[in-house]
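A quick write-up on the structure given underneath.
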Amino acid sequence: MAPRCAVAAALRRRFPPRRGVRGATARHPRSDVRRPALRDHGQPTRRDAVYESGEFHRHRRGRRVARAVPRSCRPARARRSSTAARGGAFLLCKNGGELRGALPRNARHSPVKVVFFVPPAEQRSGGLDAAIDGLRGALERRGVVVGDCLPDDAGDGVVHFHGLWQPAHARAASECRSRGIPYVVSPHGMLEPWAWRHKRWKKWSYFHLVEKRHLARADALLATAAQEAGRLRAFVAGQRIETLPLGMTGMARPDHAAARAQLGWAAEERVLLFLSRIHVKKGLDLLLQALASLPNDGRVRLVVVGDGRPEYVGQLKRYAAENSGVLPRIDWIGPVWGDARWKYFQGADLFCLPTHSENFGLAVLEACQVGTPVLTTVETPWAALLADGRGFICQPRVDEIRTGLQRFLSQDRWSEDARGALAEWAWSQFHWDTLAERYVNFYQTLRPETTGR
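Those letters in the sequence shown? Residues 543 to 995, by our numbering.
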């Protein structure tokens, strides 16, 4: 083991002190920590004056910054007090780095620039892809410049990372921090309990080695619902978490009668629609078991739209064949992409998504925007929104789903007025043009000239 004096000498060589005029260090007026003063350039610097006056306040991220310094400052990597020597404005971070570069007074009104980082195409599900495309289009219609390359400096924009478990995102976030570029992370449900349990040990190690730092050092985390925000706080305590929902993925309106005629569904049939990825998480097996426990009077038809792993889909089809005597008619449509899916939403009497876990549930929103009532579970963020008669909420259990189906089948058919009211509610709350302004305002709060960073 090296002598203590040798270790101290090595540390001094590695981290040389930044001396003032007489080699003294400046004591922070409100702490016991001694901070290095700036190199003198012939006259006392502005930072020296601020230190001596004690004019400090607490930044929202824990930094101590000078009250006397204007908030129209943007960060940069400064190794010496050249900004102070030129009379420029600057801030002081808790790590001793200088944040410099005053922006023009009209910078606050300059167009917002946002850079999206998204997972590779093969790792994006249909819902995530649609959400990102919808947000991109809405922002561009609001005049926001949406790019895919890191800005040159902190004044040029905000970086928005979509999704987790991407080493490339962690590297880009590190570059953002080194340049002083603000960034926000949208986990998109990848820390939900169901997702966390999938490959848990692999995720646990990566999260604590890489991902937690990525999230903790972000300027903010963005959740799509209060339910996700609450769960994120368990992973990154003390971090700023904002809640902004996703928006509608198309422009379809209610057209119940025309859609049924096009699909050949009889007027007297009660059509239940399952339109999603066929995965154990989505609960299609629970729906089949619940239907098998109900009396089959020949009025109900289940339409399954989507695909999944062939072995799992085959398992469900075998169950349906073995219980064909007690199950209603089932149409296995397969995957339907693009606008072709809207006629199924429009023509159905009830959309069923008995999921075990859902970050947002864009399919629920798609059903609501065309006026189709929904049966879903408390594991989606729609429980509170649909509780006042707009849908049927249950636990992801067979008996609860059966009760919800019984309630629906015992009611009269939804009228065109009721469908129209549900659609109008969805359009007023979740149209992207309405949400875009909230996203723009959120991005504005991250820009250096508005945060005073």
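Glycine residues also receive a C-beta, built at the ideal position from the N, C-alpha and C atoms.
Whole-angstrom distance between V842 and L892, CA atom to CA atom: Start at 1 with the first residue of the sequence shown, and residue 892 comes out as number 350. Start at 1 with the first residue of the sequence shown, and residue 842 comes out as number 300. Roughly 11 Å between the two C-alpha positions.
Three-state class that DSSP yields for L907 in the structure shown: Translated into the one-based positions of the sequence shown, residue 907 becomes position 365. It is helical.
Tell me which residue opens and which closes the alpha helix (DSSP H) that F816 is part of. For the purposes of this step, residue 816 is identified with residue 274 of the sequence shown, where counting begins at 1. Per DSSP, F816 belongs to no alpha helix (DSSP H); it is in the beta strand (DSSP E), 812-817.
Please report the distance separating the alpha-carbon of G867 from that of S728. The count along the sequence shown starts at 1 and reaches residue 867 at position 325. The count along the sequence shown starts at 1 and reaches residue 728 at position 186. Rounded to whole angstroms, G867 to S728 spans 46 Å at the Cα level.
Nearest candidate by alpha-carbon position, reference P923, set F902, P915, P938, R713: Position 381 of the sequence shown, counted from the first residue, corresponds to residue 923. The shortest C-alpha separation from P923 is found at F902.
Which residues DSSP lists as bridging H702, in chain order: Counting from one through the sequence shown, the residue named residue 702 turns up at place 160. BP columns for H702 point to F658, V726.
Taking the alpha helix (DSSP H) that L988 falls in, what are its first and last residues? Against the sequence shown, residue 988 aligns to sequence position 446. From DSSP, the alpha helix (DSSP H) with L988 extends over 974-988.
Note down the Cα distance separating A710 from R759, rounded to an integer number of angstroms. Counted from its first residue, the sequence shown places residue 710 at position 168. Counted from its first residue, the sequence shown places residue 759 at position 217. In a straight line, the C-alpha of A710 is about 16 Å away from that of R759.
Classify A808: buried if its beta carbon has 16 or more other beta carbons within 10 angstroms, exposed otherwise. Stepping through the sequence shown from its first residue, residue 808 is reached at position 266. That one is exposed.
Grab me the residues of H730's own chain with a C-beta within less than 7 Å of its C-beta, minus the 5 sequence neighbours each way, in chain order. Here residue 730 refers to the residue found at position 188 of the sequence shown. Answer for H730: L670, H704, G705, N901, listed in chain order.
Taking the alpha-carbon of L733 as reference, which of P896, F749, H973 has the nearest alpha-carbon? Taking the first residue of the sequence shown as 1, we reach residue 733 at position 191. Restricting attention to P896, F749, H973, the CA atom closest to the CA of L733 is found in F749.
Where does D881 sit, in a helix, a strand or coil, going by DSSP? Position 339 of the sequence shown, counting from 1, holds the residue named residue 881. Note: D881 maps to helix in three-state DSSP.
Given G856 as reference, the closest of I943, W874, L844, H898 once Cα atoms are compared: For the purposes of this step, residue 856 is taken as residue 314 along the sequence shown, with counting starting at 1. Measuring from the Cα of G856, the nearest candidate turns out to be W874.
DSSP state of V940 mapped onto helix, strand, coil: On the sequence shown, residue 940 is found 398 positions in, with the first residue counted as 1. It is helical.
Skipping 5 residues on each side, what residues in its chain have a beta carbon closer than 6 Å to that of L977? For the purposes of this step, residue 977 is taken as the residue at position 435 of the sequence shown. Correct list, in chain order: G789.
Helix, strand or coil at T791 according to DSSP, with G and I counted as helix: Position 249 of the sequence shown, counted from the first residue, corresponds to residue 791. DSSP places T791 in coil when its eight states are reduced to three.
According to the Cβ coordinates, are E864 and S899 closer than 7 Å? Working through the sequence shown from its first residue, we reach residue 864 at position 322. Working through the sequence shown from its first residue, we reach residue 899 at position 357. No; because the gap between Cβ atoms is not below 7 Å, this pair is not in contact.
Identified DSSP bridge partners for T918: For the purposes of this step, residue 918 is taken as residue 376 along the sequence shown, with counting starting at 1. Per DSSP, L895, I935.
Quick one: what's V845 bridged to in DSSP? Locating residue 845 in the sequence shown gives position 303, where the first residue counts as 1. Partner(s): L815, D873.
Spatial neighbours of F777 in its chain, beta-carbon cut-off 6 Å, leaving aside the 5 residues before and after: The residue labelled residue 777 in the question sits at position 235 within the sequence shown. Excluding positions up to five away in sequence, the list reads L733.
If distances are taken between C-alpha atoms only, which option among S747, V726, R812 comes closest to D954? The residue you call residue 954 lines up with position 412 of the sequence shown. Out of S747, V726, R812, R812 has the C-alpha closest to the C-alpha of D954.
Compute the beta-carbon to beta-carbon distance between V656 and G699, rounded to the nearest angstrom, for a pair I have assumed lies under 8 Å. Counting from one through the sequence shown, the residue named residue 656 turns up at place 114. Counting from one through the sequence shown, the residue named residue 699 turns up at place 157. Contact holds; Cβ gap of about 6 Å.
Pull up the CB-CB distance for L829 and C894, whole angstroms please, since I reckon it's below 8 Å. Working through the sequence shown from its first residue, we reach residue 829 at position 287. Working through the sequence shown from its first residue, we reach residue 894 at position 352. Correct: roughly 6 Å between the Cβ atoms.
What's the gap between the Cα of I674 and the Cα of W974? Indexing the sequence shown from 1 puts residue 674 at position 132. Indexing the sequence shown from 1 puts residue 974 at position 432. Spanning the two alpha carbons is a distance of roughly 11 Å.
Hey, R980 and L786: beta-carbon distance below 7 Å or not? For the purposes of this step, residue 980 is taken as the residue at position 438 of the sequence shown. For the purposes of this step, residue 786 is taken as the residue at position 244 of the sequence shown. Yes.
Own chain residues within Cβ distance below 8 Å of V940, not counting five before or after: What you label residue 940 is simply residue 398 of the sequence shown in a count that begins at 1. Here the set comprises L828, Q831, A832, S835.
Using the Cβ count rule (16 or more neighbours within 10 Å means buried), how would you classify S595? Sequence index remark: in the sequence shown, residue 595 carries index 53 (1-based). Residue placement at S595 is flagged as unreliable, the pLDDT there being 40, under the threshold of 50; the coordinate-derived value follows with that caveat. Exposed, since its Cβ has fewer than 16 Cβ neighbours within 10 Å.
C-beta atoms of L826 and V845 nearer than 7 Å: Along the sequence shown, one-based indexing puts residue 826 at 284. Along the sequence shown, one-based indexing puts residue 845 at 303. No.
According to DSSP, is V1012 helix, strand or coil? This structure leaves residue 1012 out entirely; the chain is present only between 543 and 995.
Which term fits S970, buried or exposed, when burial requires 16 or more other beta carbons within 10 angstroms of its beta carbon? As a working note, residue 970 is residue 428 in the sequence shown. So S970 ends up on the exposed side.
Report the residue from A862, R802, A768 whose alpha carbon sits nearest the alpha carbon of G889. Translated into positions along the sequence shown, residue 889 becomes position 347. Of the listed residues, the one whose Cα sits closest to G889 is R802.
Integer Cβ distance of Q948 from T919, believed to fall under 8 Å: Residue mapping note: residue 948 aligns to position 406 of the sequence shown, counting from 1. Residue mapping note: residue 919 aligns to position 377 of the sequence shown, counting from 1. Rounded, the Cβ-Cβ distance is 16 Å, inconsistent with contact.
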